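K.L.:
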Amino acid sequence: MPRHKATLHAALGGTPDEVEAAFYEALQTGDIEKLMACWADEDEIACIHPGGPRVVGVGAIRAAFDALFAHGGAVHVQAEQIRRVDSLASAVHHVLERVEVMTPDGPAKAHVLATNVYHKTPQGWRLVVHHASPGTTEDAAQVPAGAQVLH
């Protein structure tokens, strides 16, 4: 298994955007190995699911996503309206996630606001924080503003 993990880490791209794309693809396919390859191998990484507690550490995060995948496999999610604050060694992306959830009345759409924080590690860019909160239809209706430059 370590060799497999190393292969997945090597396959990740060289930018926060590429790691983010791999993270959301892993959610959509229910691939825990690919999903965990997006995360930094550090003790203090953290994940907060909407309405859930703070989960800290690689093992705890893996267990949280294993439990999520156990309740229906893949998570049908699309990241939209991505806004970025990037620097040389860190990047913060805040996104609107459109998630399909199963309700007693059948499939329904939900909106989640998420912040993904990436650090540049010796292995390349890796996710260190994923914090998601319930969103609203008003959040989804907002049209992202164009880039602004202040001088």
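Under this note's numbering, the first residue of the sequence shown carries the number 118, and numbering increases by one thereafter. Cβ coordinates follow ideal geometry from the N, Cα and C atoms, glycine included. These figures come from a predicted structure and were not determined experimentally.
In its own chain, which residues sit with a C-beta less than 6 Å from the C-beta of Pro167, not counting the 5 before and 5 after it?
P.N.:
Hits under 6 Å: Val229, Ala249, Ser250, Pro251.
K.L.:
Does the segment 192 to 206 come close enough to the segment 134 to 144 to have 3 or more Cβ pairs within less than 8 Å?
P.N.:
Touching, yes.
K.L.:
Assign Val192 to one of three DSSP states: helix, strand, or coil.
P.N.:
Correct three-state label for Val192: coil.
K.L.:
Going by the DSSP bridge assignment, what does Met219 pair with across the sheet?
P.N.:
DSSP output for Met219 lists Pro224 as bridge partner(s).
K.L.:
Is Pro133 helix, strand or coil by DSSP?
P.N.:
In this structure, Pro133 counts as helix in the three-state DSSP scheme.
K.L.:
What residues in its chain sit with their C-beta under 6 Å from that of Ala231, if we drop five residues either side in the sequence?
P.N.:
Closer than 6 Å at the Cβ level, and outside the excluded window around Ala231, lie Val212, Glu214, Ala249.
K.L.:
CA-CA distance, Thr259 and Gln198?
P.N.:
It should be noted that the sequence gives Gln, not Thr, for residue 259. Between Gln259 and Gln198, the C-alpha separation is close to 9 Å.
K.L.:
The alpha helix (DSSP H) spanning Ile149 covers which residue range?
P.N.:
Run containing Ile149: 149 to 154, per the alpha helix (DSSP H) assignment.
K.L.:
On the DSSP bridge assignment, give the partners of Gly241 in chain order.
P.N.:
Thr238, per the DSSP bridge assignment.
K.L.:
Do you know how far the Cα of Thr238 is from the Cα of Ala356?
P.N.:
With the chain running from 118 to 268 in the structure shown, residue 356 is simply not present.
K.L.:
Classify Pro133 as buried or exposed, calling it buried when 16 or more other Cβ atoms lie within 10 Å of its own Cβ.
P.N.:
Buried, because 16 or more other Cβ atoms sit within 10 Å of the Cβ of Pro133.
K.L.:
Would you identify the three-state DSSP class for Thr253, choosing helix, strand or coil?
P.N.:
Coil.
K.L.:
Relative to the ligand MG, is the shortest distance from any of its heavy atoms to the C-beta of Val175 smaller than 7 Å?
P.N.:
The ligand MG is not among the ligands present in this structure, which contains no ligands whatsoever.
K.L.:
Looking only at its own chain, which residues have a Cβ that is under 8 Å from the Cβ of Ala264, when we skip the five neighbours before and after it?
P.N.:
Because the pLDDT of Ala264 is 48, which lies under 50, any placement of that residue in the model is unreliable, and the question is left without a value.
K.L.:
Please report how far the alpha carbon of Arg171 lies from the alpha carbon of Val245, in whole angstroms.
P.N.:
Those two C-alpha atoms are separated by around 13 Å.
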